[in-house]
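Residue numbers (the numbering used here), protein chains in the order written: chain A, 1 to 293; chain B, 1001 to 1360; chain C, 2001 to 2234.
For each residue, glycine too, the CB sits at the ideal point set by N, CA and C.
Given the structure is predicted, the values throughout are model-derived calculations rather than measurements.
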Amino acid sequence: MVGFEALVRATILGLQFGTTLALLVAGLTLVFGLMDVINLAHGSLYMLGAYFGVTLVDAGGSFWLALVVAPVAVGVVGLLMEVFTLRPLYGREPLYQILVTLGLAFVVEESVKEVWGTSAQNFAAPAVLAGSIDIAGVTYSQYQAFVLLFTTVLVAAIWVGLERTNVGVLLQATAHDPEMVDALGFDVSRVFTGVFAVSAVLAGLAGVLLGPARAVTPSMWFNVVLLAFAIIVIGGLGNFRGAIVASLLVGLLTGYAALLVPSYTELLVFALMAVVLLVRPAGIFGTATGDPG
Amino acid sequence: MTVLDRLLDRSGARTDEVLGRRGRVALVLVFCGLAVAGPVIDVIATFWLHVLTRVMIFALFAISLDLVFGYTGLPSFGHAAMFGVGGYTVAFVTLGPTQNLLVTIATAALASATVALLIGWLSVRGTGLFFAFLTLAFAQVLYLVAFNDLPAQLLGADKITGGDNGLVGIPGYELFGVEFGGLFEYYYLTLVVVGICVALLIRIANSEFGRVLQGIRENEDRLTALGYDVTRYKVIAFTVSGTFTGVAGALYAPLVRIAHPSQLFWLTSADGIIMILVGGIGTLWGPMVGAAFITVFEEFATVVGNWHLYLGVLFVTMVIFLPGGIAGAISTVARSPREALSNARRAGRRYVRRVRGDRH
Amino acid sequence: MSAHPVLAVEGIDTYYGRSHVLFDLSLEVGAGETVALIGNNGAGKTTTLRSIMGLTPPERGRILFRGEEIQGCKPNEIRRRGVSLVPEDRRIFPSLTVAENVELAAAAGSTTTDVYDRFPVLDDRRDQRAGTLSGGEQQMLAIARGLVGPPTELLLLDEPTEGLAPQIVEDVSEVVEALTDDGITILLVEQNAELALELADRAYVIETGRIVHEAGGDELLHDPEVLETHLGVR
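Dropping the structure here:
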């Protein structure tokens, strides 16, 4: 029988995983909404965040330094990816964009193997947060609590940024009609590059944050990118709010599954996705007419 | 008039036939060449017999994948599912009731057809390229099932898929008292089975049904307006393609003597995609050339180091600069070498322009 | 016409993919002029405007804006130089409010013309989603959006009265006349030839991607041959 305390802890773990996934999903949704690109290399950017983080911490830098520097470095990688491999493909059949991101994911995985080897890296959580805290008789890891808090604030900030700021308005307009936005005097190719870079930074952040909690290996990108896209399908394509809620849902599902049926966590997510596809093909929060293309 | 003719307002000669007379003659020549060369290769370089057998198996995998990917325009990123199911089915049958070739291959084909039907039926619900992601996800489900040996856990059995060890010691096939245990015999068995399957696939591609598939790629809406149930055709195409992919998997597992979760893993799907892109998406013959190229490339590149890295770089470069693959390059050069050269120059200039942010 | 026209299109050839749409097309628009481009559906009117705006750049020929070549520039550069397009079908951002549509366009430059004075109908609807406006209101919004942001010297108007009720068509023509009075140079594409010729100082007639006629507006309006052969008007 699973105790109350374990259940509460699984909830926190699930929420923390969910909000971190939301960081990944936010970037994916933005890139998909604006450029119509299904970026399979998004998981690779997440993985690079974790590896850059490990390297910085091992080199004697603090975790906090890594939390700032690694995502920026990933942002630069994302920027180079967009400029040199995606820019030449806009306007071509969208198939080639997903193919190129598949190729990039491949190249990043193999490059990581070359640089860091194939064995798992040990990413230590910062000493300050190594302890635990007690709330209402339940013990939590301080680090997990920090990640939950940090990512929640960040996701909320992204949401407000998209809904309430001028940049948000520009992005909404670009998602709807990039050509027109260009004709109004905005350099849309720079908007695309900027959005891709920011989405890479968010992925890198998620990588640093989840690094200490999960195995840092050259193949870690794959399950994450599958989970992230499954969340988008569950939440409804191009629906930001749906994506966030679905992230939390999948995070919780993962948390409880890890407690009850550990080897089936991913299978449960895909099963949920299949059910959503059968019952509501447009996603739980999608509208029937919601065509993102 | 065929569907495509009606669709594109064409009439008269069917110039759009895939693998026309010359192509088919070339294929027959390759087939005969492989048949004649067998004993010679067996004597001077047995190792290449293994490589060529793999080339043929992956050629079948690639052409089957291309039938949906390029020909119908349904980018499947999950064909490893059917490839692996073919292999596992062979393991179940030959390690169990019978080694009879016909029974085993037929069972494998049926099993992969069923899986393809299910995956196709679910995945066509995905908008646009989300189809690609969905096939990828559902193939991963099968990988996880095999890797964790879910059936054994559910049924309380000791082992069914063998988990991450896979199922080892697959015996060869047998037909009318003849054992196909040795590599030499297996080479010929593969040649015959792949030959039959490729011939069937080309017939399907050039049939009325094949025209509809091509029509789906060219103009789905128009086909819907003409009264075709496009979704149904897509699912059938996916199933047909998956069936032949399963046969490829059924030939592969006995060759390597193991049915392993890696055959269901996304990398196997990616291998197929790389083969058809490098060879030439949608041409059916290009992907077979691509399969040969990649398989042989692997043999040489393994010596130099991380061949997957080179392969990835090659793939990305080709997607950007040569999306038509080897087949596209060959047909442009054959048409006009000078034009090919000026095309290449223009592609280079265009790349620089696009990287600078020009959208034209 | 002055020696330095605001816009000079010199022998452009434009393609959509492989299909050749504009053939050696030339035209000029002088400062303060309103010039109409008329012709049948598919003649290449919209493509001409798209070529000028850099949305479908020509393969050959030159486009001079105030004497400087702009044919290789990106649309956003051309906009910042002072050319503004009010496109066919308006292409406002339906999920954004009226105010957001206007503010977005204004953010690309410094002009803070109070467009709501010119378009009082928009003033009442600032917080309404643009997609819920009527056709005429949407057209007003599209024109308003074309006037804010970088200073507009040349306005490219593509079918501003398409699909509008007669009363609204009149409102739009009044707006166009007011713009002319304010010294904005206009290149107007219109299906409604009579209206176009009434508004314009001069007009070009375009047929299958070529300019086949050029004359003063009144002249064309009273030339029965032009009306019949080029415009299908009785």
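- Listed by position along chain A, the residues whose Cβ is nearer than 9 Å to that of G1246 of chain B form an empty set, because the closest Cβ is around 21 Å away.
- Rounded to the nearest angstrom, the gap between the Cα atoms of V1115 of chain B and A1081 of chain B is 8 Å.
- Of all residues in the stretch 2048-2076 of chain C, those with a C-beta nearer than 7 Å to a C-beta of chain B are P2057 and K2074, reading in chain order.
- When 8 Å is used as the limit between beta carbons, S2095 of chain C is near these residues of chain A: Q172 and H176, in chain order.
- The beta-bridge partner set that DSSP reports for R2210 of chain C consists of C:E2207.
- At least one beta carbon of chain B lies nearer than 8 Å to the beta carbon of I38 of chain A.
- Put simply, of C:V2212, C:P2075 and C:V2205 the residue whose alpha carbon is nearest the alpha carbon of R2050 of chain C is C:P2075.
- Restricting attention to A:I231, A:V261, A:L99 and A:V245, the CA atom closest to the CA of V269 of chain A is found in A:I231.
- Between F1293 of chain B and G1272 of chain B, the C-beta gap is not smaller than 8 Å, which leaves the two residues out of contact.
- Excluding its 5 nearest sequence neighbours in each direction, L148 of chain A has C-beta neighbours in its own chain below 7 Å: I12, L15, Q16 and T19, listed in chain order.
- For A1146 of chain B, the enclosing alpha helix (DSSP H) covers residues F1130 to F1147.
- Distances from the CA of P2005 of chain C to each of C:I2063, C:A2196 and C:N2101 were compared; the closest alpha carbon is that of C:I2063.
- With fewer than three CB-CB distances shorter than 8 Å, the stretch 1045-1053 of chain B does not count as touching the stretch 1203-1219 of chain B.
- Between A2144 of chain C and F2119 of chain C, the C-beta spacing is below 8 Å.
- Judged by their CB atoms, V1085 of chain B and L267 of chain A are not nearer to each other than the 8 Å cut-off.
- Here V2083 of chain C carries a strand assignment [DSSP, helix/strand/coil].
- Along the stretch 108-136 of chain A, going in chain order, the ones with a CB nearer than 9 Å to a CB of chain B are V108, E109, E110, S111, K113 and E114.
- Here the alpha carbons of L253 of chain A and G131 of chain A stand approximately 26 Å from one another.
- When C-alpha distances from G1078 of chain B are compared across B:G1166, B:E1220 and B:G1242, the shortest belongs to B:G1242.
- Interface residue (Cβ-Cβ distance to chain A less than 8 Å): A1301 of chain B is not classified as such.
- In this structure, G286 of chain A and L237 of chain A form a Cβ contact; the two beta carbons are roughly 6 Å apart against a cut-off of 8 Å.
- Proximity of D1358 of chain B to chain C, defined by a Cβ-Cβ separation below 8 Å, is satisfied.
- The Cβ-Cβ distance between L1134 of chain B and G1128 of chain B does not fall below 8 Å.
- At least one beta carbon of chain C lies nearer than 8 Å to the beta carbon of F186 of chain A.
- In this structure the stretch 2124-2136 of chain C does not lie against the stretch 2036-2050 of chain C, because fewer than three pairs of beta carbons, one per stretch, are closer than 8 Å.
- Within a 10 Å sphere around the beta-carbon of T2208 of chain C sit fewer than 16 other beta-carbons, which makes this residue exposed.
- In the structure shown, V2029 of chain C adopts extended strand secondary structure according to DSSP, grouped into three states.
- 8 Å or more divides the Cβ of R2079 of chain C from the Cβ of G242 of chain A.
- Residue range V1178 to F1180 is occupied by the beta strand (DSSP E) that includes E1179 of chain B, with no alpha helix (DSSP H) assigned at that position.
- One alpha carbon belongs to Y140 of chain A, the other to N122 of chain A, and they sit about 21 Å apart.
- Cβ neighbours of P2151 of chain C within its own chain (closer than 8 Å, five residues either side excluded): G2082, G2109, S2110 and T2111.
- For F1209 of chain B, the enclosing alpha helix (DSSP H) stretches over residues E1208 to A1225.
- Rounded to the nearest angstrom, the Cβ distance from G43 of chain A to G211 of chain A is 14 Å, too far for a contact under 8 Å.
- DSSP places E1298 of chain B within a helical segment (H, G or I) once states are collapsed to three.
- A Cβ-Cβ contact shorter than 8 Å links A2130 of chain C with L2096 of chain C.
- Residue environment analysis places P88 of chain A among the buried positions, since at least 16 neighbouring C-beta atoms fall within 10 angstroms of its C-beta.
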